[in-house]
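These notes concern the structure reproduced below.
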Amino acid sequence: MKAMPRALRILVFLLAGLLSAATLAVCVVGGVYLYFGPQLPSAGDIGDPELNEPLRVYTSDRKLIGEFGLERRLPRTYDEIPPQMVQAFIAAEDDRFFEHPGVDYQGIARAVYVLATTGRKTQGGSTITMQLARNLYLTRDRTYVRKIKEIILALRLESKLTKEQILEIYLNKIYLGNRSYGVGAASEVYYHKPLDELSVAEVAMIAGLPKAPSRYNPMSNPERAKERRNYVLSRMHALGEIDDATYEKALDAPITATAKVADDRYEADYVAEMVRQDMVARFGDEAYTSGFDVTTTLNSERQRGANRALRRALLAYDERHQWHGPEATLETTTVDDADALKTALEGMNAAGGLVPAVVTNVGRRSATLMTERYGEINLDAGQMPWLGGNDPASKLVARGDVVRLAYTGSKDKAKAWTLAEVPEVQGAMVALDPHTGGIEALAGGFDFSLSKYNRAVQAQRQPGSSFKPFLYSAALANGFTPASLINDAPVVYDSPDLSDAWRPQNYSGRIYGPTRLREGLVHSRNLVSIRLLRSIGINNAVNHIAKFGLPEDQIPRNLSMALGSASFSPLQMAQAYAVFANDGFQVKPYYIAKIEDGRGEVRFEAEPKVACASTSNCAALQRTGGKQDSSRLAERVIDAGNAWLVGDIMRDVIKRGTGRRAMSLGRSDLSGKTGTTNDQIDAWFVGFNADLVGISWVGFDKLTPMGNSETGGQAALPMWIDFMRVALDGTPEAIPRRPADLVTVSIDPESGQRAIGGGGVSETFRPNNVPSLEEARRSGKNAPSNEVEQLF
2 MKAMPRALRI LVFLLAGLLS AATLAVCVVG GVYLYFGPQL PSAGDIGDPE
52 LNEPLRVYTS DRKLIGEFGL ERRLPRTYDE IPPQMVQAFI AAEDDRFFEH
102 PGVDYQGIAR AVYVLATTGR KTQGGSTITM QLARNLYLTR DRTYVRKIKE
152 IILALRLESK LTKEQILEIY LNKIYLGNRS YGVGAASEVY YHKPLDELSV
202 AEVAMIAGLP KAPSRYNPMS NPERAKERRN YVLSRMHALG EIDDATYEKA
252 LDAPITATAK VADDRYEADY VAEMVRQDMV ARFGDEAYTS GFDVTTTLNS
302 ERQRGANRAL RRALLAYDER HQWHGPEATL ETTTVDDADA LKTALEGMNA
352 AGGLVPAVVT NVGRRSATLM TERYGEINLD AGQMPWLGGN DPASKLVARG
402 DVVRLAYTGS KDKAKAWTLA EVPEVQGAMV ALDPHTGGIE ALAGGFDFSL
452 SKYNRAVQAQ RQPGSSFKPF LYSAALANGF TPASLINDAP VVYDSPDLSD
502 AWRPQNYSGR IYGPTRLREG LVHSRNLVSI RLLRSIGINN AVNHIAKFGL
552 PEDQIPRNLS MALGSASFSP LQMAQAYAVF ANDGFQVKPY YIAKIEDGRG
602 EVRFEAEPKV ACASTSNCAA LQRTGGKQDS SRLAERVIDA GNAWLVGDIM
652 RDVIKRGTGR RAMSLGRSDL SGKTGTTNDQ IDAWFVGFNA DLVGISWVGF
702 DKLTPMGNSE TGGQAALPMW IDFMRVALDG TPEAIPRRPA DLVTVSIDPE
752 SGQRAIGGGG VSETFRPNNV PSLEEARRSG KNAPSNEVEQ LF
């Protein structure tokens, strides 16, 4: 046999070498796969990943008021993501995405070549599918082992999912800075609008973030972000995704990403926190990651009204008292350095709508201040409430002082701001639907970020005279009428529990003698209330008052109860007053209307007990098919005549009593009552019509007097008026339905008996209590004396 030619031998050797190398490569790849494959999820296990969606809380009209969770997400389906957003990410991250099988071998080859020839690592080999594999299942450690795992997982992902499914998961999962995950959240975080409203430049900005979210953050690094955005635009242009005109216009677009400024229109942090606690109690830590949507009973406009009314009332109280001084004072070197001053301002937060500002110059009767968002602001003496007469501005502020500014809303820009301070006094505002108990507005303090203590729910405070209507309701239930006479005269109460005798007085210090019940409540006569309670009996009164939902163990069993010495929260008072507003039914306050999970399935829907005079006229009790659900009828706790009469007397409180300022609302359907405790420690106003109950409270967290004249009518009523002006805007008047059996007759205002010979006043009675003409003739006009009575 002849020897093989040399050239052929070389060819055979090369082929054998290549075959051996290929076999070795296959063995290596197979070995790598057999080693790493079992450590990774199989194709069958790869599916729809958990996105760790946060808990979101909404008003009844779907305004977002709270979001809880480490990650901000607004997942969108592939069809909901604008094509231009998809194109931008593909242009920036993986322009061969729709061509490769999950691993871009050309890109890997380029990366290997660059590494071999220059020693420099590049990103060219990482596809969108590989990035998704890393985000779903791997750490961010930059090692060859992780890269091998990425490749295996990317191939598995592509074998299980379509390209569109991969993109959908990727665009919802990718981290884009500022706690935002996915393009839906990024659109809201950076531009405060939905995806389909983004411009080409804004789309490109978001698409440029995955490479380095912090480095290219448009809010903190606008110049770097612009460079990255323009690179993405150039890639989109090179790939033919945008034309020349669009490209040039987008390159010139300014950086528009901004941090979202708190908007008190939909601010309801106290309720959002109540929901968060409730959800954790129901679902544990799953509450933060499962995408729950909670719809509350809040009305967004009424909530806005509650926030503004509370803050306005507390700021007004603050202006009536002493200026507390600046919050801090900056060094002169900081004020003189524009950059240092800007940095200092950036570290200050708004509170309760008040803007932080630094005084940069003080004139004799004026001051110049610098703010972060609104720039330089000038104030004259009229815009500094604590500056009186000819006092110099230096009496209040000095250069470098950190103070607050309140926006007045004036159309005159020169008068748009006023000097303010975070008030030390606190308050609460609650409003609920008396038919269902649904909470429509709740503000638990001046600002949640300053104090998480929810005074609307957690504070137990003495209601003072705002408790008296419950006592008067008990009197009506025990045989008294609005015309019954009670002597307004001094009393002395001796008790072994007291070191000195108790000598209560009316707020005015005067005594008025025989007084009809209606007048006693209208003018809030303390001595009338005490004698009335004594006549009813403490046990009878407590048993009746407990029907309103007020806990018996919080009601003192002594005569001080008549003056409101019990302690209740504003929400408890709202629940109790709903009984007067809804014809005598007790409803339970609630704030969660519906809970939906991340798949849109309803996990809970409230079915509150409903107050209805009859099931035939109550739409809330209607079931499918027209049947009525009588099991949802709230319990009647007082008769309709009792509820209407107390409400009618309280309408007189507003028309001609301690709540007269509420007549400024121009309505005749409002019932109300002021409440003030000893030393003006607590100030209340409670009021309602047939469709809404509102409760306002003002006081210090520590039991500290608020000062002379800081009564319910002075400190709390303005808050209630401001709220009701918004809450009832455009709504028809709604007086609770008058029971048909009530009778109105003319009575003698001095004796409370039927008027003889004209000259009387109208009064309303239940049928069995109408005074007769015979009794009037027999009794004449004799009245009790004003002598001091000793009570034991």
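Convert by adding 1 to the 1-based position in the sequence shown; the result is the number in our numbering.
We put the CB at the ideal spot given by N, CA and C, even for glycine.
Determine the contact status of residue i and residue j, defining contact as a CB-CB distance below 8 angstroms.
i	j	result
residue 102	residue 54	no
residue 403	residue 335	no
residue 565	residue 467	yes
residue 724	residue 476	no
residue 1	residue 729	Past the edges of the chain, shown from 2 to 793, lies residue 1, and the structure says nothing about it.
residue 339	residue 299	no
residue 215	residue 183	no
residue 488	residue 515	yes
residue 584	residue 737	yes
residue 685	residue 465	yes
residue 805	residue 536	The chain is shown only over 2 to 793; residue 805 falls outside these bounds and no answer can be derived.
How many angstroms separate the CA atom of residue i from the CA atom of residue j?
i	j	result
residue 1	residue 680	The displayed coordinates of the chain run from 2 to 793. Any statement about residue 1 would go beyond what the structure contains.
residue 582	residue 292	38 angstroms
residue 253	residue 230	11 angstroms
residue 374	residue 323	28 angstroms
residue 756	residue 649	21 angstroms
residue 458	residue 441	14 angstroms
residue 263	residue 223	Reliability of the predicted coordinates at residue 263 is poor, the pLDDT of 49 falling under 50, and no value is obtained from them.
residue 1	residue 137	What the structure shows of the chain is the stretch from 2 to 793, and residue 1 is not part of that stretch, so it cannot be assessed.
residue 110	residue 343	49 angstroms
residue 443	residue 318	20 angstroms
residue 774	residue 746	11 angstroms
residue 154	residue 94	18 angstroms
residue 200	residue 376	28 angstroms
residue 763	residue 415	54 angstroms
residue 36	residue 166	Below a pLDDT of 50, predicted positions are generally treated as unreliable, and residue 36, at 44, falls in that range; the measurement from the model is reported next regardless. Approximately 28 angstroms between the Cα atoms of the pair.
residue 711	residue 462	16 angstroms
residue 245	residue 257	22 angstroms
residue 609	residue 588	8 angstroms
residue 726	residue 494	43 angstroms
residue 593	residue 56	14 angstroms
residue 412	residue 385	18 angstroms
residue 777	residue 759	13 angstroms
Under a three-way DSSP split, which group does residue i fall into?
i	result
residue 434	coil
residue 385	coil
residue 349	coil
residue 721	helix
residue 162	coil
residue 324	coil
residue 375	coil
residue 774	helix
residue 11	helix
residue 642	helix
residue 779	helix
residue 179	coil
residue 517	strand
residue 190	helix
Assuming residue i contacts residue j (C-beta within less than 8 angstroms), just tell me the rounded distance between them.
i	j	result
residue 449	residue 289	Contact doesn't hold; Cβ gap of about 19 angstroms is too wide.
residue 579	residue 435	4 angstroms
residue 371	residue 358	6 angstroms
residue 549	residue 638	7 angstroms
residue 590	residue 576	5 angstroms
residue 368	residue 394	5 angstroms
residue 482	residue 301	Contact flag wrong, Cβ pair sits at about 43 angstroms.
residue 420	residue 380	6 angstroms
residue 78	residue 104	Not really, about 26 angstroms apart at Cβ, beyond 8 angstroms.
residue 272	residue 297	6 angstroms
residue 277	residue 186	19 angstroms between Cβ atoms; not a contact.
| query | Is there contact here, the region 651-663 with the region 541-557, by at least three beta-carbon pairs under 8 angstroms? | reply | With a cut-off of 8 angstroms on Cβ pairs, the region 651-663 is not in contact with the region 541-557, counting fewer than three such pairs.
| said: Count Cβ pairs between the region 689-705 and the region 719-726 that sit closer than 8 angstroms; are there 3 or more? | reply: Three or more beta-carbon pairs drawn from the region 689-705 and the region 719-726 are found closer than 8 angstroms, and the two stretches are therefore classed as touching.
| request: Count the CB pairs spanning the region 419-432 and the region 305-314 that are closer than 8 angstroms, and state whether there are at least three. | output: Contact holds: three or more Cβ-Cβ distances are below 8 angstroms.
| request: Please confirm if the region 342-356 is in contact with the region 388-398, defined as three or more CB-CB distances below 8 angstroms between the two stretches. | output: Between the region 342-356 and the region 388-398, the count of Cβ pairs shorter than 8 angstroms is below three; the stretches do not touch.
| Can you find at least 3 beta carbon pairs, one from the region 205-216 and one from the region 86-102, that sit closer than 8 angstroms? | The region 205-216, when compared against the region 86-102, does touch it at the 8 angstroms Cβ threshold.
| query | Does the region 232-239 touch the region 168-176, meaning 3 or more C-beta pairs lie closer than 8 angstroms? | reply | Because the criterion of three Cβ pairs below 8 angstroms is not met, the region 168-176 and the region 232-239 do not touch.
| query | Does the count of Cβ pairs from the region 502-513 and the region 524-541 closer than 8 angstroms reach three? | reply | A contact exists between the region 502-513 and the region 524-541.
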